[in-house]
Amino acid sequence: MSATLNYKSFSKEQQTMDNLEKQLICPICLEMFTKPVVILPCQHNLCRKCASDIFQASNPYLPIRGGTTVASGGRFRCPSCRHEVVLDRHGVYGLQRNLLVENIIDIYKQESSRPERKTEQPMCEEHEDEKINIYCLNCEVPTCSMCKVFGAHKDCQVAPLSNVYQRQKSELSDGIAVLVGSNDRVQGIVTQLEETCRTVEVSNHYLI
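All the letters of the sequence shown, read from the start, carry residue numbers 1 to 208 under UniProt numbering.
Next comes the structure, spelled out in structure tokens:
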């Protein structure tokens with residue numbers, strides 16, 4: 001049992017780190033966020049440099065000095081949900097920094113830079129000389145070949161552990177992709193509704 005728990009714990013930890021890394025990728029440069037990280041009104045994050053690049057691309061006629069747009073104010077659209085971001089007189093420097101994300105990045109980098117732990121091949125508790133190398137599809141637990149031949153899983157269906165891992169990893173990735181796609185669609189609908197509300201408000205103003 002302890003070997004099974006160790007294996008599951010390591011797999012879950014690695015999976016968590018992989019998922020965390022995906023959440024720390026900037027949608028513009030496609031690299032891990034570079035500090036300072038700014039949070040937009042729509043709650044999406046960008047490197048401040050990337051936000052500045054988008055702003056300059058959206059406002060090409062504003063004066064630039066030293067590689068930075070010197071004009072205050074302006075607007076651009078969030079690359080993730082297309083929500084319009086209206087800047088104040090401070091420009092992109094007026095956007096709030098996301099200190100939480102910056103702290104998470106620091107922690108992630110510290111964890112990633114640690115020497116890789118040497119993971120021992122988990123051994124079967126029932127058959128101490130046997131490595132855990134297969135997965136019982138009926139009981140949904142990793143086990144060893146001897147358990148399949150002579151032990152508790154002799155009447156169960158099994159598969160190579162590596163195959164099951166790859167399949168579950170693919171299913172998880174597909175599930176995450178579906179969730180992200182659904183979130184993008186919802187954000188798009190919210191943006192459309194907000195624009196419709198603004199249009200109605202403007203129309204009512206002129207009618208009054």
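Idealized CB from N, CA, C, for every residue including glycine.
Where do the ends of the beta strand (DSSP E) carrying residue 210 lie?
-> With the chain covering 1 to 208 only, the question about residue 210 has no answer from this structure.
CA-CA distance, residue 86 and residue 41?
-> Distance between the alpha carbons of residue 86 and residue 41 is about 9 Å.
Grouping DSSP H, G and I as helix and E and B as strand, with all else coil, what is residue 57?
-> In this structure, DSSP gives residue 57 a helical state, which the three-state scheme calls helix.
With a cut-off of 8 Å on the beta carbons, I'd call residue 146 and residue 130 a contact; round off their distance for me.
-> Indeed they touch by this definition, with Cβ atoms about 5 Å apart.
Straight-line gap, residue 181 to residue 189 (C-alpha atoms, nearest Å) | Distance between the alpha carbons of residue 181 and residue 189 is about 13 Å.
Through-space distance from residue 150 to residue 127, alpha-carbon basis | Whole-angstrom Cα-Cα distance: 10 Å.
Could you name the residues of the same chain whose beta carbon sits closer than 6 Å to that of residue 66, not counting the 5 residues immediately before and after it, in chain order?
-> Residue placement at residue 66 is poorly supported in this model, since its pLDDT is 48, which falls under 50; the coordinates still yield a value, given next. For residue 66, where only same-chain residues beyond five positions count, there are no Cβ hits under 6 Å.
Count the C-beta pairs between the stretch 29-45 and the stretch 93-101 that are closer than 8 Å, then say yes if the count reaches three, no if not.
-> Yes, they touch.
From which residue to which residue does the alpha helix (DSSP H) around residue 111 run?
-> Residue 111: member of the alpha helix (DSSP H) spanning 99-113, first to last residue.
State the DSSP-derived secondary structure class of residue 28, mapped to helix, strand or coil.
-> Residue state, collapsed to three classes: coil.
In whole angstroms, what separates the C-alpha of residue 106 from that of residue 50?
-> Annotation: residue 106 to residue 50 spans about 19 Å, alpha carbon to alpha carbon.
Measure the C-alpha to C-alpha separation of residue 78 and residue 44 and round it to an integer number of angstroms.
-> Computed Cα separation, rounded: 8 Å.
In angstroms with no decimal places, state the Cα-to-Cα distance between residue 76 and residue 191.
-> Using only the alpha carbons, I get a separation of about 14 Å.
Hey, how far is the Cα of residue 31 from the Cα of residue 169?
-> When only Cα atoms are considered, residue 31 and residue 169 end up about 22 Å apart.
Would you kindly work out how many angstroms separate the C-alpha atoms of residue 165 and residue 108, rounded to a whole number?
-> Cα to Cα, the separation comes out at about 24 Å.
With DSSP as the reference, please indicate the residues paired to residue 165 in a beta bridge.
-> BP columns for residue 165 are empty, so no partner.
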